[in-house]
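Student:
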Amino acid sequence: MVQLYEYLTSSNRLEDDKSLEKERIFRKLYPKEAYDDARMRQAIYFLQESIESYFTFKKASEDEILSKLYLAQNYRERKLLKLHDKVMKEIQYKTETFPLLNDETLEQRYIIEKEKLLQLSEKSRAVALNYQEMSDLAEMAFIAKKLKLACLMLSHQKIYKKDYDFGMLDPLLAYLKGKESIFETPFIKVYYHIYNLFRFPQEEEHFFEVKKDLHNYDYAFNNAEKSDLYLIAINYCIGRMNIGGKSFVREAFELYKKGLENNILLESGFLSPLNFRNIVTAGTTLKEFDWVSSFIEEYQQYLGPEYRDNFVKFALARLYFEQGDYDRAQDLLIQFDIDDILINLTAKTMLIRLYYEKDEFLALESLLDSMRAYINRKKMLAYHKMSFKELISASKRLIKIQFNDRKKIEVLQNQINNSRILPSHMKEWFMEQLKKLRR
């Protein structure tokens, strides 16, 4: 088995199909024997079993408390109670000095409490056991898991329009209203408000509770959890911005800055292109031009190589455009070419504004026609398709309005005001242009 492992892992043999032929491997292992397929398959089976056992052991060893708990269980089963007590004291010390309490560690603490009670019952059958703490931990672990899962289900439901049965969630939420002490656990408190963010987005107080708790209980979440929570809060801000909540641009921007400062927006050392773009958009909307310029310079290195060139061009184009440097912005946008449909259309939306404000109406007409053809041949969510089609329609109407043509201005104003699918920043832009035409 050792020889088989050494053969497979040397000289890049795992990448060479011929080196992996069973007959060839058998000759290397048993050069003086005739090929025996059953023996070869048995050697492969035992090697695979050993590797899988190693993977299992390695994974269990990564969690110090869990591995010690397995050790304690073994000592108890073997009646080695002194060694069991020693390991349980080590576990107790680790849990007391470890502030992270999430759905997984609450479950872990329940198992630890269960192990303590099993130990006591084996020491003496006459001991009166107290199951209260074990019950409390089981309840808290369940509540934490249920709230987190409900948030994941609501998020998935919103994107993919999938119906879910939330089971006993409603009775649980009713139960929580009378249990203020449970909200002393930050994980439960935050996910309770996250759930309400999804369920009742108009109740903005839940966002501010989440924001406050992410600051106050920073210690209570690991980086992966913090990253998820920050992005949920940011996406809530984006949702409010899309329906005209201007104050949430600043809220999103500050959350992005905090996430960058705490190094929790990088995944495997990379910043997602979507976050990079959204940070630039929020910063330029707020006229934080110096900060945005520094951000692009510093963080472009964290974009994947396949995205870097295009997204830096897009970011700089956005920066120059908002600064009023239309020529530099136009040069970059014309070079911009990416497979992502929405990003491509977002860049073209910037060109719509740019061509209009530079009075380049022939170029604008051509752009709008090419956008319509692009949208018709691409597969995309119906909501996005309708939104961009309405944008094109409104842009074409805007071009045709003569100065002070009050009737046409009023018709387009009503169309813009009544639209539920045009992005709020584009609605504002259209209204600004119509206001100029009335003068």
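Note that our numbering has the sequence shown beginning at 3, numbered continuously upward.
For every residue, glycine included, the Cβ atom is placed at its ideal position computed from N, Cα and C.
1) Which value, in whole angstroms, describes the spacing of the CA atoms of F210 and G246?
2) Opposite V16 in the DSSP bridges: which residues?
3) What span of residues does the alpha helix (DSSP H) with G271 cover, start to end?
4) Taking the alpha helix (DSSP H) that A176 falls in, what are its first and last residues?
5) Please state whether DSSP places R374 in a helix, a strand or coil.
6) Within this structure, are the beta carbons of F255 and A284 separated by less than 8 Å?
7) By Cβ distance below 7 Å, which residues in the same chain neighbour S270 in space, the five residues on each side in sequence not counted?
8) May I ask which residues mark the beginning and end of the alpha helix (DSSP H) holding S21?
9) On the DSSP letters alone, give me the boundaries of the alpha helix (DSSP H) that D327 sits inside.
10) What is the rounded straight-line gap between the Cα of S63 and the Cα of T107?
11) Rounded to whole angstroms, how far is the Cβ of K118 from the Cβ of M142, which I believe are closer than 8 Å?
12) Where in the stretch 95 to 164 do unbroken runs of the alpha helix (DSSP H), each at least 4 residues long, occur, reported from the N-terminal end onward?
13) Taking only the alpha-carbon atoms, compute the straight-line gap between I266 and K228 and give it to the nearest angstrom.
14) Checking 8 Å against the spacing of the C-beta atoms, do L334 and L353 come in under that value?
15) Which full runs of the alpha helix (DSSP H) of 4+ residues lie inside the stretch 19 to 90, going along the chain?
16) For R330, which residues in the same chain have their Cβ closer than 6 Å to its Cβ, ignoring the five residues on either side in sequence?
17) Quick check: the stretch 239 to 253 against the stretch 394 to 409, are there 3 or more CB pairs under 8 Å?
18) What three-state label does DSSP hand T287 in the structure shown?
19) Would Y385 and E359 be called neighbours here (beta carbons separated by less than 8 Å)?
20) Could you tell me which whole beta strand (DSSP E) segments of length 3 or greater appear in the stretch 230 to 279?
21) Starting from the C-beta of K350, find all residues in its chain whose C-beta is less than 6 Å away, skip the five residues before and the five after it, and write them out in chain order.
22) Rounded to the nearest angstrom, what separates E34 and K61 at their Cα positions?
23) Is DSSP giving L424 helix, strand or coil here?
24) In terms of residues, what are the limits of the alpha helix (DSSP H) holding T351?
25) In or out: I401 buried (at least 16 other Cβ within 10 Å) or exposed?
26) Quick check: L231 and L273, are their CB atoms within less than 8 Å of each other?
27) Let me confirm a value: H217 is counted as buried when at least 16 other C-beta atoms fall within 10 Å, else exposed. Which label applies?
28) On the three-state DSSP scale, how would you describe K380?
29) Between M208 and L288, what straight-line distance do the alpha-carbon atoms span, to the nearest angstrom?
30) Rounded to whole angstroms, what's the CA-CA distance from Y221 to Q134? Just pull it up for me.
31) Answer with buried or exposed for V212, where buried requires no fewer than 16 other C-beta atoms within 10 angstroms of its C-beta.
32) For N198, which of helix, strand or coil comes out of DSSP?
33) Using the C-alpha atoms, what's the distance from K315 back to G241?
34) Please confirm whether L139 and R111 have their CB atoms less than 8 Å apart.
Tutor: The short version:
1) 18 Å
2) For the sequence presented, residue 16 should be read as Leu rather than Val. According to DSSP, L16 bridges with nothing at all.
3) Premise fails: G271 is in no alpha helix (DSSP H) and is neither H nor E.
4) L171 to L178
5) helix
6) yes
7) none
8) That residue, S21, is in no alpha helix (DSSP H); it is neither H nor E in DSSP.
9) Here D327 belongs to no alpha helix (DSSP H), and DSSP marks it neither H nor E.
10) 16 Å
11) At roughly 17 Å, the Cβ-Cβ gap does not stay under 8 Å, so K118 and M142 are not in contact.
12) 105 to 125 and 134 to 162
13) 7 Å
14) no
15) 24 to 31, 39 to 64 and 66 to 79
16) Y322
17) no
18) helix
19) no
20) none
21) M373
22) With the sequence shown as reference, residue 34 is identified as Lys, and Glu is not the correct amino acid for it. Each residue's alpha carbon lies about 40 Å from the other.
23) coil
24) I343 to E359
25) exposed
26) no
27) exposed
28) coil
29) The sequence as given places His at residue 208; Met does not occur at that position. Cα-Cα distance, rounded: 24 Å.
30) 27 Å
31) buried
32) helix
33) 26 Å
34) yes
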